[in-house]
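Heads up, the thing below is written out as structure tokens.
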Amino acid sequence: MHRVLNDIQFKIQNAMKDYMPEVSSDTLEEGGRVYYMNGKNGTEYDWFVNDHLPSFMVFYNDEKNLGAAKATVYIDGGIAIYLYNENGEHLAKEVQTFLDIEEADLLKLAVCLRCNADDKKMWDAAIDRIESDILPDEIAEAEFLDNRKYYEPSIRRKEIMGKLCIVSKKVTREGWKVGFMLREEIHDDEDSGWQFFAGDEDDEYINDVENVELCRVYSIAGIDPAVINHIDSSVGTRLIRKSSEEFEDDKNQPAFMEKWK
Numbered sequence: 003m004h005r006v007l008n009d010i011q012f013k014i015q016n017a018m019k020d021y022m023p024e025v026s027s028d029t030l031e032e033g034g035r036v037y038y039m040n041g042k043n044g045t046e047y048d049w050f051v052n053d054h055l056p057s058f059m060v061f062y063n064d065e066k067n068l069g070a071a072k073a074t075v076y077i078d079g080g081i082a083i084y085l086y087n088e089n090g091e092h093l094a095k096e097v098q099t100f101l102d103i104e105e106a107d108l109l110k111l112a113v114c115l116r117c118n119a120d121d122k123k124m125w126d127a128a129i130d131r132i133e134s135d136i137l138p139d140e141i142a143e144a145e146f147l148d149n150r151k152y153y154e155p156s157i158r159r160k161e162i163m164g165k166l167c168i169v170s171k172k173v174t175r176e177g178w179k180v181g182f183m184l185r186e187e188i189h190d191d192e193d194s195g196w197q198f199f200a201g202d203e204d205d206e207y208i209n210d211v212e213n214v215e216l217c218r219v220y221s222i223a224g225i226d227p228a229v230i231n232h233i234d235s236s237v238g239t240r241l242i243r244k245s246s247e248e249f250e251d252d253k254n255q256p257a258f259m260e261k262w263k
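Counting in this note's numbering, the sequence shown runs from 3 upward without gaps.
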């Protein structure tokens, strides 16, 4: 097994011994085996979009089969370990540490996992069952890096989600879904350009600073996921909600209005 996978396993096991000594191997799936959870997004997506590898997990061996430990390994070598007691129902401890590895070597591990897990359709497998000692060649690494282009839309959306937007308090305080959204000129690196409204606000309401607020785009997407499909639209975009889940180009038609809570 790849030395870094060994190190990840060692850090998880040590953290569990230090902070959850009451949890015995008998209560864990396969005695506490560590699994590589690439089945949701795949190695490339998480590497390029989320800046980390898919999670490494240890599970409880009971009916609910919840996680006992979850480790997130970031592309700079940082590792966050989350420990759950009460059979996975409660977050007991978060441990932050680093792996002894250069970023270039961690990239090689990502390529190795893509080639020997994803490409072989090994999803959410125990790490000791992945042929991680078979290291990729330069061609495989170049292909992996070139595949970043397929994730550019997701990367752009993630960047925008972390930026600021202007939102009507009818959305944030009164519980209306976004009925009208427009993207104006971007003023600085923190500005997304997006403005979100319920859809029936008049100029007097909008021009009163007490009726709008600044927040991160992801907070709006969190309460109204329908906006995500349009979040990387160009400056000048104006969209009106036409149903619970759909928007269309604004042509001065009334917005479909609905509460999200």
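Ideal Cβ placement from N, Cα and C applies to all residues, glycine included.
In or out: proline 256 buried (at least 16 other Cβ within 10 Å) or exposed?
Residue 256 sits at position 254 when you count from the first residue of the sequence shown. Exposed, by the Cβ-count rule.
Report task. Check the C-beta distance from asparagine 213 over to lysine 179 and give it rounded, since I have them as a contact under 8 Å. Result -> Residue 213 sits at position 211 when you count from the first residue of the sequence shown. Residue 179 sits at position 177 when you count from the first residue of the sequence shown. Contact doesn't hold; Cβ gap of about 17 Å is too wide.
With respect to the alpha helix (DSSP H) encompassing tryptophan 49, which residues constitute its N-terminal and C-terminal limits? In the sequence shown, counting from the first residue as 1, residue 49 sits at position 47. Run containing tryptophan 49: 45-51, per the alpha helix (DSSP H) assignment.
**Report entry** Distance between glutamate 65 and valine 51 (C-alpha atoms, nearest Å)
**Finding:** Working through the sequence shown from its first residue, we reach residue 51 at position 49. Working through the sequence shown from its first residue, we reach residue 65 at position 63. Looking at the two C-alpha atoms, the distance is approximately 33 Å.
Q) What is the rounded straight-line gap between the Cα of tyrosine 76 and the Cα of leucine 55? A) To locate residue 76, count along the sequence shown from 1; it is residue 74. To locate residue 55, count along the sequence shown from 1; it is residue 53. Straight-line Cα distance between these residues: approximately 6 Å.
query: Can you tell which of Pro155, Gly33, Tyr207 and Val173 has its C-alpha closest to the C-alpha of phenylalanine 61?
result: Counting from one through the sequence shown, the residue named residue 61 turns up at place 59. Among Pro155, Gly33, Tyr207 and Val173, the Cα nearest to that of phenylalanine 61 is on Gly33.
**Study point:** Beta-ladder partner(s) of cysteine 217, from DSSP
**Key:** Along the sequence shown, one-based indexing puts residue 217 at 215. In the DSSP output, where bridge partners are listed per residue, cysteine 217 has Cys167.
Reducing DSSP to helix, strand and coil, say where asparagine 8 ends up.
Taking the sequence shown and counting its residues from 1, one reaches residue 8 at position 6. Helix, per DSSP.
- prompt: What residue ranges within the segment 190-261 form continuous alpha helix (DSSP H) runs of no fewer than 4 residues, ordered along the chain?
  reply: Unbroken alpha helix (DSSP H) runs of no fewer than 4 residues, entirely contained in the segment 190-261, are found at 205-208 and 219-225, following chain order.
Report task. Report yes if the CB atom of isoleucine 83 is closer than 9 Å to the CB atom of alanine 71, and no otherwise. Result -> In the sequence shown, residue 83 corresponds to position 81, counting from 1. In the sequence shown, residue 71 corresponds to position 69, counting from 1. Isoleucine 83 places its beta carbon less than 9 Å from that of alanine 71.
Query raised in the report: Assuming tyrosine 38 contacts isoleucine 136 under a Cβ cut-off of 8 Å, what Cβ separation, rounded to an integer in Å, is found between them?
Result: By one-based count along the sequence shown, residue 38 stands at place 36. By one-based count along the sequence shown, residue 136 stands at place 134. Not really, about 15 Å apart at Cβ, beyond 8 Å.
Which full runs of the alpha helix (DSSP H) of 4+ residues lie inside the segment 91-143, going along the chain? 105-115
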